[in-house]
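The sequence shown begins at 0 in numbering that gives the first Met the number 0 and counts up one residue at a time. So the structure is just underneath, and the comments pick up after that.
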Amino acid sequence: MTSADEPIGRRVACWRVRRRMTQQMLADRLGRSKSWVDKVERGVRSLDRYPVVQEVAEVLRVDVLALLGENRPPPTSVGPLGGVDEVRAALARYDIRRATASVAETGRHVEHAWLTYQHAYYAQLVRLLPGLLDAARGLRVDAPELLVQAYRITSSVLVKLGEADLGWLAADRAVAVAGGDPVLTASAAVSVGQALRALGRDRLALAVTGDAARRLAPSTVHGALLIQGVLAAAGCGDAGRAGELADRAAGVAASLGAGDDPHRTSFGPVAVELARVVAAVELGEAGEAVGRHEQVVRGRRGGGCRPSIGPGTWWTPRGRTCRWVTWTGPGGCWSTRTVSRRPRSGAGRRRVR
0 MTSADEPIGR RVACWRVRRR MTQQMLADRL GRSKSWVDKV ERGVRSLDRY PVVQEVAEVL
60 RVDVLALLGE NRPPPTSVGP LGGVDEVRAA LARYDIRRAT ASVAETGRHV EHAWLTYQHA
120 YYAQLVRLLP GLLDAARGLR VDAPELLVQA YRITSSVLVK LGEADLGWLA ADRAVAVAGG
180 DPVLTASAAV SVGQALRALG RDRLALAVTG DAARRLAPST VHGALLIQGV LAAAGCGDAG
240 RAGELADRAA GVAASLGAGD DPHRTSFGPV AVELARVVAA VELGEAGEAV GRHEQVVRGR
300 RGGGCRPSIG PGTWWTPRGR TCRWVTWTGP GGCWSTRTVS RRPRSGAGRR RVR
C-alpha cells in the first residue's frame with residue numbers, strides 16, 4: 000500500500016478506502032470537490048505541494064511519510080532521550096555473568112522498573128535498564144521469570160522512545176529465555192505484538208498474538224494477547240476480527256474479575272473498553288470511538304491500574320471540527336474537547352502503542 004514505487008494518488012485511495020470514506024466524504028473534509036479527489040487518485044492531478052499532502056494525511060489519519068512512500072513508519076517517540084545506546088550495548092552482551100544480586104533484591108528492582116514505566120519516567124528508566132538486564136541475566140537459571148520481565152520492560156520503553164526495532168529484539172529475547180514455559184512465553188508474546196505494531200507489522204502481530212493466545216487458558220496474559228490482537232486487527236482494517244477478539248477479551252475479563260496480575264499485563268474490563276475505543280479510531284468509526292470513550296469516562300472515576308495499551312491522544316474528525324480523546328496516564332485521567340478546525344501538522348492522532 001505504501002511502497003515507494005506506488006503513485007501517491009493510489010496511496011491516497013487505499014487509505015481512503017481503509018478509513019471507510021467515499022471520495023465525497025474526503026472532499027468535504029478537505030474543503031475541495033469530489034472531482035479534485037478523483038483526479039488526485041487517478042494521477043491526473045499531481046499532489047506535489049507538501050502543505051496539501053500534510054492536509055490530506057491529517058484527514059486520513061496517517062503520517063505524511065505513509066503518503067510519500069516511506070516504508071518505515073514514523074517513530075512513536077515521546078522525545079529524544081540519552082541512554083538508549085547504553086541499553087543497546089546491554090542487549091548486545093551475550094555473556095552470562097555471575098549473579099550480582101539476590102533473587103529477592105532483583106525482584107524488587109524489576110517491580111520498581113515496572114512502576115517507573117507505568118508513571119512514564121522514561122529517562123530514569125533508561126538509566127536503570129542496563130544494570131537491571133545484567134543483574135537478571137545472572138539469575139537466568141534460578142529465576143528466568145525476572146529476566147523475561149526485564150526484557151519486556153526494556154521492549155516497552157524502547158517502543159515508547161521510537162526504537163521499535165530494538166524493542167522487537169528485546170521482546171524476542173524475552174521469548175527465547177522463557178524456556179518453553181507457556182505462560183512466560185505468552186507474556187513475552189504480548190511485548191512482541193506491541194513492538195510489531197509499532198513497526199507497522201499489524202498482520203504479523205495479529206498472527207503472533209493469536210497463535211500464543213490459542214495455547215492458553217483464560218488468564219490475564221491470555222486477555223492481554225487478545226487486546227493486542229484487537230489493535231492489530233484494527234490496524235489491518237479488519238473490523239470483524241477486531242470486534243470478535245474484543246468480545247472474547249471482554250468475556251475473559253468478566254470471568255476473571257478482580258485479582259492478582261503477576262505478569263504485569265494490566266488486563267481487565269477497562270483495558271478492553273479502551274482497546275475498543277482505539278480500534279474504532281483506527282477503523283475510522285469516529286462516532287463509535289467518541290461514544291465508547293464517554294462510556295469509559297462515566298464508568299471510571301478516580302484511580303486504578305494503568306491499561307497496557309498506553310497513554311495517548313487521538314482526534315476524530317467531524318466535518319470542520321474534530322473531537323480530541325485523551326488519556327493522560329496511570330491515574331485513569333480522560334478528557335474530551337471539540338475544536339473548530341483540524342489539528343496542525345504533527346499534532347494529529349497519535350497511534351497508540
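From the three backbone atoms N, C-alpha and C, an ideal C-beta is built for every residue, glycine too. Being a predicted model, the structure only gives us computed values, none of them experimental.
- D259 is classed as exposed because its beta carbon has fewer than 16 other beta carbons within 10 Å across all chains shown.
- Along the segment 47-119, the alpha helix (DSSP H) occurs as fully enclosed runs of 4 or more residues at 49-59, 63-67, 83-90, 102-117, listed in sequence order.
- Using a Cβ distance threshold of 8 Å, A249 and V271 count as a contacting pair.
- Across the structure, T21 and A135 are spaced so that their CA atoms are roughly 53 Å apart.
- The Cβ-Cβ distance between L198 and A163 falls below 8 Å.
- In this structure the segment 221-232 lies against the segment 199-210, because at least three pairs of beta carbons, one per stretch, are closer than 8 Å.
- One alpha carbon belongs to V156, the other to K33, and they sit about 43 Å apart.
- In this chain, V140 is not harboured by any alpha helix (DSSP H), its DSSP state being neither H nor E.
- The criterion of a C-beta distance shorter than 8 Å is satisfied by A98 and G137.
- The DSSP-derived three-state label of A245 is helix.
- In the structure shown, D201 adopts helical secondary structure according to DSSP, grouped into three states.
- Straight-line measurement puts the Cα of A252 at about 5 Å from the Cα of G267.
- Here DSSP, grouped into helix, strand and coil, assigns P268 to helix.
- L132 carries a helical assignment under DSSP once its states are collapsed to helix, strand and coil.
- Taking Q148 as the centre and dropping the five residues before and after it, the same chain places the C-beta of V109 closer than 6 Å to its C-beta, in chain order.
- DSSP, read as helix, strand or coil, puts T184 in helix.
- Between A212 and A185, the alpha-carbon positions lie close to 7 Å from each other.
- Between R275 and R291, the beta carbon gap of about 5 Å places them in contact (Cβ cut-off 8 Å).
- In terms of Cβ geometry, L145 and T115 do not form a close pair [threshold 8 Å].
- Shown here, A233 sits in a helix according to DSSP, grouped into three states.
- S190 counts as buried, since no fewer than 16 other beta carbons sit within 10 angstroms of its beta carbon.
- Contact between G8 and E40 holds: their C-beta atoms lie close to 5 Å from each other, under 8 Å.
- Distances from the alpha-carbon of W14 to those of S254, A288, E281, E293 put E281 closest.
- With contacts defined as CB atoms closer than 8 Å, L160 and Y121 qualify as a contacting pair.
- Taking the Cα of D201 as reference, the smallest distance to any Cα among G234, V63, R19, A238 is reached at G234.
- The Cβ atoms of I152 and A112 sit closer than 8 Å to each other.
- Boundaries of the alpha helix (DSSP H) harbouring A173: 163-176, taken from the DSSP string.
- Beta-carbon to beta-carbon, A173 and Y150 are separated by about 4 Å, close enough to satisfy the 8 Å threshold.
- D171 and Q123 have their C-alpha atoms spaced approximately 24 Å apart.
- For S34, the uninterrupted alpha helix (DSSP H) run begins and ends at 33-41, by DSSP.
- Relative to V125, the option among Q193, G166, A103 whose CA is nearest is G166.
- In this structure, G283 sits near R18, with a CB-CB distance shorter than 8 Å.
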